[in-house]
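Colleague: Once you've had a glance at the structure underneath, I'll fire off some questions.
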Amino acid sequence: MLTILFWVFSVLMLASAAAVVLFRNPVNSAMSLVLSFLALAALFVTLDAFFIGVIQVLVYAGAVMVLFLFIIMLLDLKAETRRRLNIAALAGGIAVLGGFVVLITHVVKSLPASTDHFPPLARTGYPDAYDIGMTLFSDFNLPFQIIGVLLLVSTVGVVFLSRRSLR
Amino acid sequence: MATIVQRPKLNLLERSYFPAILGGLWITIKHFIKMLFGQTKVTMQYPEQKWDSAMPEWYRGAPTLVKDEHNRERCVACQLCEFICPPRAITIKPGELPGDNRWSKVEKYPEKFDIDMIRCIYCGLCEEVCPEQAIFLRKDYSITGLTRSEMVHDKEKLYELGGVMHGLVHKWNEKK
Amino acid sequence: MPSLDLFLQPEIFLVWTAALKTFVILGVVLTMVAYSVWAERKVSAFIQDRIGPNRVGWAGLIQPVADGVKLLLKENFVPGGVNKFFFSIAPSLAMIPAILVLAVLPFGSSLFGVPMVIANLDIGVLWVFAVSSLGVYGIVLAGWASNSKYPFLGGIRSSSQMISYELSLGLSVVPVFMITGTLNLGEIVQYQVDHGWMVFPAWFQSGGGLLEITTDNGGMFGLDLGQSLLWIPMMISFVIFMIAMFAETNRVPFDLPEAEQELVGGYHTEYSSMRFALFFLGEYAAMIAGAGVIVTLFLGGWSLPFVPDGSQGWFWGLVNIGTFFAKVAAIIFFFLWVRWTLPRFRFDQLMKLGWYVFFEVALLNIFLTAGILAYLQS
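Residue numbers (this note's numbering), protein chains in the order written: chain C, -15 to 151; chain A, 79 to 254; chain E, 48 to 425.
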């Protein structure tokens, strides 16, 4: 059952991710990206990672993509759909993609993990939100705090830059 | 002299809108509860309840034609109502009374008398102008029809609505 | 030959009870949606000294059926120049998230030992926010795909409004999790059964209170020091959550996406027939789901003081379910009551309120709760 779900959602995710690039209309692309995020969240859920799955939907599909869509709608879409296909750019893109896939395969194959089978993560008996919280606030407390400060700095920076009168 | 209306200075509580919102909610719930317990007067439920009994004497409903006590049609086809009618709702075709008629001294009668009730504005000028007091605005107000032609009242319909009216005009009666 | 035992095997039992619960809840909620439309018209009429629908059935009670038939039989018109695909799926996108929220709401304690919640997720509250944040797509896409100015403005307004108020919505419930220590909606309700409702903490199970009156069945009535202190941040949370819920469900005084006077009908101007009906029903379904979340988080869910839960017999299980829906109905009445009292906010006022007031207050409220909790534990 889980295997079937895995294949259904991974195919859905990859197909909609490809559709993001292939669609000419930006709104179609954005909605494909939303679908891709939802399928990814479903994959997380099949791994029992409910928290990550739901946060994926909440943050990316629910907030970030709404903002994307908001901006896309304010653009002139007709110019975008009229644009001709650029053969050179397409070939370049495919070449870069192929190189990247080859690189990744080599790196993954050279890792010792590719042959080992890891045991499943021990369930602590708590919801996974608890596990993530404990890990973040004990083992990775300093990086977590640093990221928090970084985000705060960028927020303050955005507020400062968006003020009308910059002297 | 110009009057300067001072804007009231609002304190913090008033500026938070909460007292005004709660006041508004209180007013609406009062109306709701009063209605719930049937203490509010509401509009008449029209098709079931009608205001016919409360209708005043001078109510101006549909214009009708009346007959007198001898069952003679009072209208003499003078066409004054046709001329005065502001929306031109009235169409009259006068006809001549034959000599052997009991009322041949009246000379004319309406061969056709149509009032287009789509046009009629119930102003009552026809009633006012009529020298024979033959046209009256009665209390019918619900004039309906499915077609335009149904909404044109012909002579028959007008007499049916108007009925008989006694007295008032005696000049055509036989001398004793 | 499948026997009865097959249906009692744990996994199969789970599947068919979940399916049964889904159908029943969907039926109940869709009926509630239809009748909240009726209630909307009736309440608005009563507030304005009118009678309201009273022709179809007794007191107009069959009116929703008549409305439904009318909307079904109307022409499903698609204007020229619209993006057909998004135009057709937008109404469904507006309706589905509202219904999905119902999956995690505990609408009762238990009946014959079956817990009365469709999916008992450990992260129930996050599920609610995640799914309801997807509801904006229906509105935005409807506005964009209609190829018309007013729906477009409605869609733009809706997206910025929902993004702004999701923040206060999410932040305002953080104190609830800090107090209960769980994201599971069922456990949050159980906490309120033991310690009193979040907005009315007047009873508790164990001692240590300021004022105690022990009742016959072992419960205690009175005031607990901790609960009374925590009542202050809980009330702040409740008010912010309630108001943000008004904004999330596009209800007056925050119904700018469909402001009739400025935008004709907002995002559903170009819609007709059943597609329009789906938007309409989606709005009310979102309202019912929102009311359910409010009831679960702050008003004790299915619990009433000193009423036992479903483990004491099926009768009490049914009483719990009835309690939950009665509370939801009360919240919906409040939604309607507010709608027919307050005028609409201006767009800049709406944004200011969301970003300058609620966001900050909700944030401060978290620190306040943390302080009180630290004081109580020391």
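Glycine residues also receive a C-beta, built at the ideal position from the N, C-alpha and C atoms.
Quantities reported herein were computed from a predicted structural model and do not represent experimental measurements.
Mapping DSSP to helix, strand and coil, what is residue 221/A?
Modeller: Looking at residue 221/A - three-state DSSP - the assignment turns out to be coil, as it is neither helix nor strand.
Colleague: I need the DSSP call for residue 43/A, collapsed to helix, strand or coil.
Modeller: With chain A covering 79 to 254 only, the question about residue 43/A has no answer from this structure.
Colleague: Once DSSP output is grouped into helix, strand and coil, what is the label at residue 142/A?
Modeller: In this structure, residue 142/A counts as strand in the three-state DSSP scheme.
Colleague: Nearest to residue 121/E by CA position, among 295/E, 135/E, 320/E and 202/E, is which residue?
Modeller: It is 320/E whose Cα lies nearest to the Cα of residue 121/E.
Colleague: Determine the closest residue to residue 205/E out of 242/E, 407/E and 314/E, with distance taken between C-alpha atoms.
Modeller: Checked all of 242/E, 407/E and 314/E; the closest Cα to residue 205/E is 314/E.
Colleague: Check each residue of the segment 384 to 412 of chain E: if its Cβ is closer than 8 Å to any Cβ of chain A, include it; give the result in chain order.
Modeller: Those would be 384, 385, 387, 388 and 389, in chain order.
Colleague: By DSSP, does residue 209/A sit in helix, in strand, or in coil?
Modeller: Residue 209/A falls in the coil class under three-state DSSP.
Colleague: List the residues of chain E whose Cβ lies closer than 8 Å to the Cβ of residue 39/C, in chain order.
Modeller: Neighbours of residue 39/C on chain E, chain order: 173 and 177.
Colleague: Going by other Cβ atoms of all chains shown within 10 Å of its Cβ, with 16 needed for buried, is residue 149/A buried or exposed?
Modeller: With fewer than 16 other Cβ atoms within 10 Å, it is exposed.
Colleague: Can the beta-carbon of residue 337/E be found closer than 8 Å to that of residue 292/E?
Modeller: Yes, Cβ-Cβ distance for residue 337/E and residue 292/E is below 8 Å.
Colleague: Could you have a look at residue 215/A and say whether DSSP puts it in helix, strand or coil?
Modeller: Looking at residue 215/A - three-state DSSP - the assignment turns out to be strand.
Colleague: Could you check what DSSP says for residue 316/E in three-state terms: helix, strand or coil?
Modeller: Coil.
Colleague: Buried or exposed: which applies to residue 102/E, given that a residue is buried once 16 or more other Cβ atoms fall within 10 Å of its Cβ?
Modeller: When all chains shown are included, residue 102/E counts as exposed.
Colleague: Within 10 Å of its beta-carbon, does residue 184/E have 16 or more other beta-carbons around it, so buried, or fewer, so exposed?
Modeller: When all chains shown are included, residue 184/E counts as buried.
Colleague: Along the beta strand (DSSP E) that carries residue 168/A, what are the first and last residues, could you check?
Modeller: From DSSP, the beta strand (DSSP E) with residue 168/A extends over 168 to 174.
Colleague: Would you kindly report the start and end of the unbroken alpha helix (DSSP H) that includes residue 88/E?
Modeller: 57 to 94 is the extent of the alpha helix (DSSP H) around residue 88/E.
Colleague: Quick one, are the C-beta atoms of residue 389/E and residue 299/E less than 8 Å apart?
Modeller: Going by C-beta atoms, residue 389/E is nearer than 8 Å to residue 299/E.
Colleague: Closest Cβ-Cβ distance between residue 241/E and chain C: below 8 Å?
Modeller: Answer no: the Cβ-Cβ gap between residue 241/E and chain C never drops below 8 Å.
Colleague: Buried or exposed: residue 191/A, going by 16 or more other Cβ atoms within 10 Å of its Cβ?
Modeller: Looking at its Cβ environment, which holds 16 or more other Cβ atoms inside 10 Å, residue 191/A is buried.
Colleague: Can you look up residue 170/E in the DSSP assignment and give me helix, strand or coil?
Modeller: In this structure, residue 170/E counts as coil in the three-state DSSP scheme.
Colleague: Using the rule of at least 16 other Cβ atoms within 10 Å of the residue's Cβ for burial, across every protein chain shown, is residue 367/E buried or exposed?
Modeller: Result: buried.
Colleague: Check the Cβ of residue 187/E against every Cβ in chain C and list those closer than 8 Å, keeping chain order.
Modeller: Ordered by position in chain C, the residues that pass the 8 Å Cβ test against residue 187/E are 50, 53, 54 and 57.
Colleague: To the nearest angstrom, how far is it from the Cα of residue 49/C to the Cα of residue 56/C?
Modeller: Roughly 10 Å separates the two Cα atoms.
Colleague: Kindly say whether residue 33/C, judged by its beta-carbon, lies nearer than 8 Å to any beta-carbon of chain E.
Modeller: It does not; no Cβ of chain E falls within 8 Å.
Colleague: Could one say the Cβ of residue 213/E lies closer than 8 Å to chain C's Cβ atoms, at least one of them?
Modeller: Interface residue, yes.
Colleague: May I ask you to list the residues that DSSP assigns as paired with residue 194/A?
Modeller: Paired residues: 230/A.
Colleague: Are there three or more Cβ pairs, one per stretch, closer than 8 Å when the segment 169 to 180 of chain A is compared with the segment 203 to 210 of chain A?
Modeller: Judged by Cβ distances under 8 Å, the segment 169 to 180 of chain A makes no contact with the segment 203 to 210 of chain A, as fewer than three pairs qualify.
Colleague: For residue 244/E, does the three-state DSSP call read helix, strand or coil?
Modeller: Reduced to three states, the DSSP call for residue 244/E is strand.
Colleague: Residues of chain E with CB closer than 9 Å to the CB of residue 11/C, please, in chain order.
Modeller: Within 9 Å Cβ-Cβ: 130, 133, 188, 191 and 192.
Colleague: How would you call residue 163/E, buried or exposed, if buried means at least 16 neighbouring beta carbons within 10 angstroms?
Modeller: Per the 10 Å Cβ criterion, buried.
Colleague: Quick one: is residue 295/E buried, meaning 16 or more other Cβ sit within 10 Å of its Cβ, or exposed?
Modeller: It counts as buried.
Colleague: Residues of chain E with CB under 9 Å from residue 109/A, in chain order?
Modeller: Chain E residues near residue 109/A: 93, 94, 95 and 96.
Colleague: With a Cβ-Cβ cutoff of 8 Å, do residue 140/A and residue 188/A count as a contact?
Modeller: No, these two residues do not count as a Cβ contact at 8 Å.
Colleague: So that I know if they touch, is there some Cβ in chain D lying closer than 8 Å to that of residue 181/E?
Modeller: In the structure shown, chain D does not exist; the protein chains are C, A and E.
Colleague: Helix, strand or coil: which one does DSSP assign to residue 180/E?
Modeller: Note: residue 180/E maps to helix in three-state DSSP.
Colleague: List the residues that DSSP assigns as beta-bridge partners of residue 151/A.
Modeller: Answer is 145/A, bridged to residue 151/A.
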